[in-house]
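Asker: Questions regarding the structure given below will be posed in turn.
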Amino acid sequence: MAADSQLITKQPHKPKLAVWKFASCDGCQLSLLDCEDELLLLAQEVEIAYFMEASSAVVEGPYDISLVEGSITTPADLLRIQEVRRQSNFLVCIGACATAGGIQALRNFADVSEFTSVVYAQPAYIDTLKESTPISTHVSVDFELQGCPINKLQLLEVISAFLNRRAPQVPPHSVCIECKLKNNVCVWVAHGTPCMGPVTHAGCGALCPSYNRGCYACYGPKENPNSDSLCHWWEQKLGANKSTVIENLRNFNALAPHFKEVSEHRERGDKA
Amino acid sequence: MDYLLHASDLERLIQAIYKDGYQIFGPTINDKAITYGEISSSADLPQGWTDIQEGGRYRLKRRTDKAFFGYAVGPHSWKKYLQLPHRPIWKASRQHQDIEVIEIQETAPKLAFLGVRSCELHAIAIQDRVLTEGDYTNENYRQRRAQLFTVAVNCTSAAATCFCTAMNTGPEVKLPSDLTLTEVIEGAAHFFLIRSGSASGAQILSELSLRPAGMREKNLANGRVQQLDEEMRKGPRHFDSSDLKELLYRNLDSPSWDKVAERCLSCANCTMACPTCFCSTVEDTTDLSGEHSERWERWDSCFTADLSHLTGGPVRSDTRSRYRQWMTHKLATWQDQFGSSGCVGCGRCITWCPVGIDLTEEVRSIRDLECKQAGSQEQP
Ligand code: SF4
Ligand code: SF4
Ligand code: SF4
Ligand code: SF4
Ligand code: SF4
């Protein structure tokens, strides 16, 4: 939630919106383009001042709202994110890369120079940092919208909230609550399918459990998660082995502090 | 007065209720579980199926007979039809300086529930007290509830997770219901005992023109229910609940809360599945223009941080305090607040807890730890 002192006052000019890309797949920005009908409404309410995915026309900053997609992985981006912060009144991180380092943060658990030497013919040309880090490691952020990719309706909700000076309705509770609201049968209890839902942030509408799949934790950890207990049950009762458990903590949100911590002590073999 | 309804006539009963203009909901198999859904004929019922339940585990299994009601309660409770999971309350729009607020009112449907268990009638009675008899009433609930028609079923088999005998809420139906059934299968015979508990129930019965049940049929039916009652009282989840309130009030600092907090995921499945948990929140939203806004009611739970969020943060930020809130509310503070226990012993919170946390075990653990502490204090 944003601090009061930063609230946008209804200005005579339209608020300026910028969309920035760092290391990412563009999927979260695409959710904005995917809004279709709502995009026209959005264009009525804000000036889309910087959005390379949609238009190469650039209106100069400062910007009222910046949506930041992607993680920081290069020395150049280390500097660019500082500039984005300076130019932005509100900075909202969107997606798993920006909020938790993304899938590229798997490098943080290994040696990135080894990866580049295997993948690239001329690794010397690769100028990359040892680690992929979320935006909040480098600058202060006003809101983090989790998800891989984010839910476009939640994105509109966050933008509406910032435009109208109210708290966004993005509840940080479990996917299980979404499951129950949808009247689903729990795949964990009724089918014995391992599911990350009980530790995962709501937002997707319990998409996978609704199709009889376990949740993959695309939306990252929920508020007050307890993955150690979840992993214990997976191993003891649902027949999951240690590597499955660790892989599920290290999908798209491997660097989210809670998932990182639990995956590391599961790897070492110690309990919570 | 008990009447005899042949199993093959269950369909006639359903059609008679249907003809009276009710939308009928009842048990039906969906995604490998017996859930509540819309029923249009007896063929929709899970005939010949039962459920095997334990903490964190639910499986369907074929029965050796053709019973229509040979299982216990499933993942869903009737509350989803009475206290809706998510509903709009009002919408507002702004024109210049005026704000127009429109309350959103639905025309409540006429609902009939088929196969309501004794514990569930108790749960509905508890929700009635909470949502219609207090200072803050839920009008949508009241309207849906007012027209409700119930066909209760005496339980003749229970799940391992059931503990209604401990909570004095079953397995025998004792609360009023429009109609109440007891299913009997004896050799080749398959019938129901049926009785009415209201004028509309009696009306349906008269349309079916049934003959009164004989002594033998009554004895068979009552025997089944009594037998289950006795078995459950000997089962591992039966316990003496008479001093629960005092027990929990004495033990707000029991080390037991720390132990359960290590396992609990604070996922809220227990409260969502519980037929009496009534907590909901309101979500206020605007559209992009800020000219239109809406308020929605949505189920919430004491396992979320948002439920206890006040200025400065949540009152219950850790799992220990959330689990303690849930259990002490269900079993103790509910009694002071609403004059009865908030738990009817249906066992849903046990089965549908992903990590199988068991309310009855937690009660025992608190009691045992208290005894142990008392014991160690006596020895100098
Ligand atoms: S299916 Fe998964 S998300 Fe849904 S209630 Fe079960 S554990 Fe939770
Ligand atoms: S607390 Fe558990 S056993 Fe008691 S009524 Fe709720 S779900 Fe059923
Ligand atoms: S136990 Fe929790 S969710 Fe249930 S009614 Fe009480 S406070 Fe609400
Ligand atoms: S708790 Fe009792 S009344 Fe409820 S389903 Fe089980 S046996 Fe029947
Ligand atoms: S008791 Fe079980 S179902 Fe309830 S919040 Fe804890 S882990 Fe989830």
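Protein chains in written order, with our numbering: chain U, 1376 to 1647; chain S, 116 to 495.
Idealized CB from N, CA, C, for every residue including glycine.
So with CB distances below 7 Å, who are the chain U contacts of S/Val-470?
Answerer: In the second sequence, residue 470 of chain S corresponds to position 355, counting from 1. The answer, in chain order, is Ser-1604 and Trp-1608.
Asker: Specify the secondary structure class of S/Arg-352 as computed by DSSP and reduced to three states.
Answerer: Counted from its first residue, the second sequence places residue 352 of chain S at position 237. DSSP places S/Arg-352 in coil when its eight states are reduced to three.
Asker: Going by beta carbon distance, what residues of the same chain come within less than 6 Å of U/Gln-1404, once the five residues before and after it are set aside?
Answerer: For the purposes of this step, residue 1404 of chain U is taken as the residue at position 29 of the first sequence. Val-1394, Glu-1428 and Glu-1444, listed in sequence order.
Asker: Is the segment 1594 to 1610 of chain U close to the segment 1443 to 1458 of chain U, with three or more CB pairs under 8 Å?
Answerer: At 8 Å Cβ cutoff, the stretches do not touch.
Asker: Could you check whether the Cβ of U/Ile-1552 sits closer than 9 Å to any Cβ belonging to chain S?
Answerer: Position 177 of the first sequence, counted from the first residue, corresponds to residue 1552 of chain U. At least one chain S Cβ lies under 9 Å of U/Ile-1552.
Asker: Assuming U/Glu-1553 contacts U/Ala-1536 under a Cβ cut-off of 8 Å, what Cβ separation, rounded to an integer in Å, is found between them?
Answerer: Taking the first residue of the first sequence as 1, we reach residue 1553 of chain U at position 178. Taking the first residue of the first sequence as 1, we reach residue 1536 of chain U at position 161. Rounded, the Cβ-Cβ distance is 20 Å, inconsistent with contact.
Asker: Taking the C-alpha atoms as reference points, what is the distance between U/Ser-1380 and U/Asn-1464?
Answerer: As a first step, residue 1380 of chain U is located in the first sequence; it is residue number 5 there, counting from the start. As a first step, residue 1464 of chain U is located in the first sequence; it is residue number 89 there, counting from the start. For U/Ser-1380, the predicted structure reports a pLDDT of 42, less than 50, and the residue's modelled location is therefore unreliable. The matter cannot be settled from this model.
Asker: Based on Cα-Cα distance, which residue from U/Leu-1538, U/Leu-1407 and U/Asp-1517 lies nearest to U/His-1388?
Answerer: As a working mapping, residue 1388 of chain U is identified with position 13 in the first sequence. When only C-alpha atoms are compared, the closest one is U/Leu-1538.
Asker: I'd like the ranges of any alpha helix (DSSP H) spanning at least 4 consecutive residues and lying wholly in the segment 1400 to 1432 of chain U.
Answerer: Runs found: 1402 to 1408 and 1412 to 1420.
Asker: Under the assumption that U/Val-1421 contacts U/Leu-1392 (Cβ atoms under 8 Å), give the Cβ distance between them as a whole number of angstroms.
Answerer: Within the first sequence, the letter at position 46 stands for residue 1421 of chain U. Within the first sequence, the letter at position 17 stands for residue 1392 of chain U. Their Cβ separation, rounded to whole angstroms, is 4 Å, which keeps U/Val-1421 and U/Leu-1392 in contact under 8 Å.
Asker: So the alpha helix (DSSP H) U/Ile-1621 belongs to, where does it begin and stop?
Answerer: On the first sequence, residue 1621 of chain U is found 246 positions in, with the first residue counted as 1. Run containing U/Ile-1621: 1617 to 1624, per the alpha helix (DSSP H) assignment.
Asker: Closest to S/Leu-125 by CA distance: which of S/Val-188, S/Val-266 and S/Ser-208 is it?
Answerer: Mapped onto the second sequence, residue 125 of chain S falls at position 10. The residue with the shortest Cα to Cα distance from S/Leu-125 is S/Val-266.
Asker: So, for S/Glu-477: in the same chain, excluding its five sequence neighbours on each side, which residues have a beta-carbon less than 7 Å away from its beta-carbon?
Answerer: Counting from 1 along the second sequence, the entry for residue 477 of chain S is found at position 362. So the qualifying residues of the chain are Ser-371, Val-375 and Met-442.
Asker: I need the residues with a C-beta less than 6 Å from some heavy atom of ligand 1; please give them in chain order.
Answerer: Residues flagged by the Cβ proximity filter: U/Val-1550, U/Cys-1551, U/Cys-1554, U/Asn-1559, U/Cys-1561, U/Val-1562, U/Trp-1563, U/Cys-1570, U/Gly-1572, U/Pro-1573, U/Ala-1581, U/Pro-1584, U/Cys-1590, S/Asn-384 and S/Pro-469.
Asker: S/Asn-384: buried (16+ other C-beta within 10 angstroms of its C-beta) or exposed?
Answerer: Counting from one through the second sequence, the residue named residue 384 of chain S turns up at place 269. It counts as buried.
Asker: Going by C-alpha to C-alpha distance, which of U/Ala-1480, U/Arg-1460 and U/Ala-1581 sits closest to U/Asp-1439?
Answerer: Sequence index remark: in the first sequence, residue 1439 of chain U carries index 64 (1-based). Cα-wise, what sits closest to U/Asp-1439 is U/Arg-1460.
Asker: Contact criterion: CB-CB distance below 9 Å. Does U/Pro-1546 meet it with respect to chain S?
Answerer: Translated into positions along the first sequence, residue 1546 of chain U becomes position 171. Yes, U/Pro-1546 counts as interfacial toward chain S.
Asker: Based on the DSSP secondary-structure assignment, which residues constitute the bridge partners of U/Lys-1391?
Answerer: Within the first sequence, the letter at position 16 stands for residue 1391 of chain U. The partner list for U/Lys-1391 (beta bridge, DSSP) reads U/Glu-1422.
Asker: Interface residues of chain B around S/Asn-145 at Cβ under 7 Å?
Answerer: Given the protein chain composition of this structure (U and S), no chain B is represented.
Asker: Can you check DSSP and say which residues form a bridge with S/Gln-258?
Answerer: Translated into the one-based positions of the second sequence, residue 258 of chain S becomes position 143. S/Gln-258 is not bridged to any residue.
Asker: Taking the alpha-carbon positions, what's the U/Met-1376 to S/Met-347 distance?
Answerer: The residue given as residue 1376 of chain U occupies position 1 in the first sequence. The residue given as residue 347 of chain S occupies position 232 in the second sequence. Note that U/Met-1376 scores a pLDDT of 40, beneath 50, so its modelled location is shaky; the value from the coordinates is reported in the next line. So the alpha carbons of these two residues sit roughly 51 Å apart.
Asker: How many Å lie between U/Ala-1647 and U/Glu-1639 at the Cα?
Answerer: In the first sequence, residue 1647 of chain U corresponds to position 272, counting from 1. In the first sequence, residue 1639 of chain U corresponds to position 264, counting from 1. Residue confidence for U/Ala-1647 is low, a pLDDT of 49 falling below 50, so the modelled location carries little weight; the figure read from the coordinates is stated next. The straight-line gap from Cα to Cα measures roughly 10 Å.
Asker: What residues sit near ligand 2, counting only those whose C-beta is closer than 6 Å to one of its heavy atoms, in chain order?
Answerer: For ligand 2, the selected residues are S/Ala-388, S/Cys-389, S/Pro-390, S/Thr-391, S/Lys-445, S/Cys-458, S/Val-459, S/Gly-460, S/Cys-461, S/Gly-462, S/Arg-463, S/Cys-464 and S/Leu-474.
Asker: Report the option in S/Val-216, S/Leu-160 and S/Ile-319 whose CA atom is closest to the CA atom of S/Lys-181.
Answerer: Residue 181 of chain S sits at position 66 when you count from the first residue of the second sequence. Nearest of S/Val-216, S/Leu-160 and S/Ile-319 to S/Lys-181, Cα basis: S/Leu-160.
Asker: Answer yes or no: do U/Thr-1575 and U/Asn-1587 have a C-beta to C-beta separation smaller than 9 Å?
Answerer: Taking the first sequence and counting its residues from 1, one reaches residue 1575 of chain U at position 200. Taking the first sequence and counting its residues from 1, one reaches residue 1587 of chain U at position 212. No, these two residues do not count as a Cβ contact at 9 Å.
Asker: How about U/Gln-1648: is its C-beta nearer than 9 Å to some C-beta of chain S?
Answerer: Chain U is shown only over 1376 to 1647; residue 1648 of chain U falls outside these bounds and no answer can be derived.
Asker: Alpha carbon to alpha carbon, how far is S/Ile-481 from S/Ala-489?
Answerer: Position 366 of the second sequence holds residue 481 of chain S. Position 374 of the second sequence holds residue 489 of chain S. Answer to the nearest angstrom: the Cα atoms are 12 Å apart.
Asker: Should U/Lys-1527 be flagged as near chain S, meaning a C-beta pair shorter than 9 Å?
Answerer: On the first sequence, position 152 is the one that residue 1527 of chain U refers to. Taking Cβ atoms only, chain S never reaches closer than 9 Å to U/Lys-1527, which makes this a no.
Asker: What separation, rounded to the nearest whole angstrom, lies between the Cα atoms of U/Val-1550 and S/His-237?
Answerer: Taking the first residue of the first sequence as position 1, residue 1550 of chain U is located at position 175. Taking the first residue of the second sequence as position 1, residue 237 of chain S is located at position 122. If I take the Cα positions, the gap works out to 29 Å.
Asker: Leaving out the 5 sequence neighbours to the left and right, which residues in its chain are closer than 8 Å to U/Leu-1408 when beta-carbon positions are compared?
Answerer: Locating residue 1408 of chain U in the first sequence gives position 33, where the first residue counts as 1. The residues are Leu-1414, Glu-1428 and Ala-1429.
Asker: Taking DSSP's pairing of strands, which residues face S/Asn-145 in a bridge?
Answerer: For the purposes of this step, residue 145 of chain S is taken as residue 30 along the second sequence, with counting starting at 1. BP columns for S/Asn-145 point to S/Ala-148.
Asker: Figure out for me which residue from S/Asp-355, S/Arg-479 and S/Leu-474 has the closest Cα to the Cα of S/Gly-170.
Answerer: If you number the second sequence from 1, residue 170 of chain S lands on position 55. Among S/Asp-355, S/Arg-479 and S/Leu-474, the Cα nearest to that of S/Gly-170 belongs to S/Leu-474.
Asker: Whose Cβ in chain U lies nearer than 8 Å to the Cβ of S/His-191?
Answerer: Translated into the one-based positions of the second sequence, residue 191 of chain S becomes position 76. By Cβ distance, chain U contributes Asn-1558.
Asker: How is S/Gly-312 classed by DSSP in three states: helix, strand or coil?
Answerer: Locating residue 312 of chain S in the second sequence gives position 197, counting from the first residue. Residue state, collapsed to three classes: coil.
Asker: Just list the beta strand (DSSP E) runs in the segment 1459 to 1525 of chain U, keeping only unbroken ones of 3 residues or longer that don't cross its boundaries, in chain order.
Answerer: Complete beta strand (DSSP E) runs here, min 3: 1463 to 1469 and 1518 to 1520.
Asker: May I have the straight-line CA-CA distance separating U/Gln-1521 from U/Ile-1510, to the nearest angstrom?
Answerer: Along the first sequence, read from residue 1 onward, the residue named residue 1521 of chain U stands at position 146. Along the first sequence, read from residue 1 onward, the residue named residue 1510 of chain U stands at position 135. Cα to Cα, the separation comes out at about 13 Å.
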